[in-house]
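I have placed the structure first, in the form of structure tokens, so that the comments after it can refer back to it.
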Amino acid sequence: SQQELTDFLLEPTTLGVFRTDEEFKTNLACAKHIYDFKHHIVFCHGDFACHNFMVQGGGITGFLDGECAGWNPQYLDYTTAMRARWNSWWSDLVAGIGGNDFKQEAVADRAVWLLTRDFYGY
């Protein structure tokens, strides 16, 4: 379920990148907003990033790095795509194919990522 995924992701939170306890608590509160979003569970790539596409002749011919694929909340491919590049050609592309529907989820997911990136290594 969406809640089980979020519980799993938030379990190893650390102070990691945060300079103060207050900054950590603010990010944790933001991350917990992800519980407020109710979405269908769909099959997702799980690591939807520009370096995981095979392109030939101006078209997408395949996807790489499928070990993260699985049944997840429908926003997951958008939020993983937006983790590293918020203001770039990539974010413009993702927004253009429907990603703007999940902007609030992306903010909460980024907070989850900041809280746990030392543990998961992504």
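Just so it is clear: in the sequence shown, position 60 is 60 by the UniProt record's numbering, and no numbers are missing.
The C-beta atom is built at its ideal place from N, Cα and C for all residues, glycine as well.
Report yes if the C-beta distance between residue 69 and residue 46 is below 8 Å; otherwise report no.
As a first step, residue 69 must be located in the sequence shown, where it is residue number 69. As a first step, residue 46 must be located in the sequence shown, where it is residue number 46. Contact: yes.
Can you name, in chain order, every residue of its own chain whose Cβ lies under 7 Å from the Cβ of residue 112, other than the five neighbours on each side?
To locate residue 112, count along the sequence shown from 1; it is residue 112. Here the set comprises 9, 10, 31 and 34.
Alpha carbon of residue 50 to alpha carbon of residue 90, nearest angstrom:
Counting from one through the sequence shown, the residue named residue 50 turns up at place 50. Counting from one through the sequence shown, the residue named residue 90 turns up at place 90. Going from the Cα of residue 50 to the Cα of residue 90 covers about 7 Å.
Give the range of the beta strand (DSSP E) segment to which residue 56 is assigned.
Locating residue 56 in the sequence shown gives position 56, where the first residue counts as 1. Taken as a continuous stretch (DSSP letters only), the beta strand (DSSP E) holding residue 56 covers 53-56.
Are the Cβ atoms of residue 77 and residue 44 separated by less than 8 Å?
Within the sequence shown, numbered from 1, the residue matching residue 77 stands at position 77. Within the sequence shown, numbered from 1, the residue matching residue 44 stands at position 44. Yes, these two residues count as a Cβ contact at 8 Å.
Does the distance from the C-beta atom of residue 64 to that of residue 52 stay below 8 Å?
Along the sequence shown, read from residue 1 onward, the residue named residue 64 stands at position 64. Along the sequence shown, read from residue 1 onward, the residue named residue 52 stands at position 52. Yes, they are a contact pair.
With 16 other CB atoms within 10 Å as the buried threshold, where does residue 29 fall?
The residue given as residue 29 occupies position 29 in the sequence shown. Around the CB of residue 29, fewer than 16 other CB atoms lie within 10 Å, so the residue is classed as exposed.
Just verifying my parser: in three-state terms, what is the DSSP assignment at residue 18?
On the sequence shown, position 18 is the one that residue 18 refers to. Coil, per DSSP.
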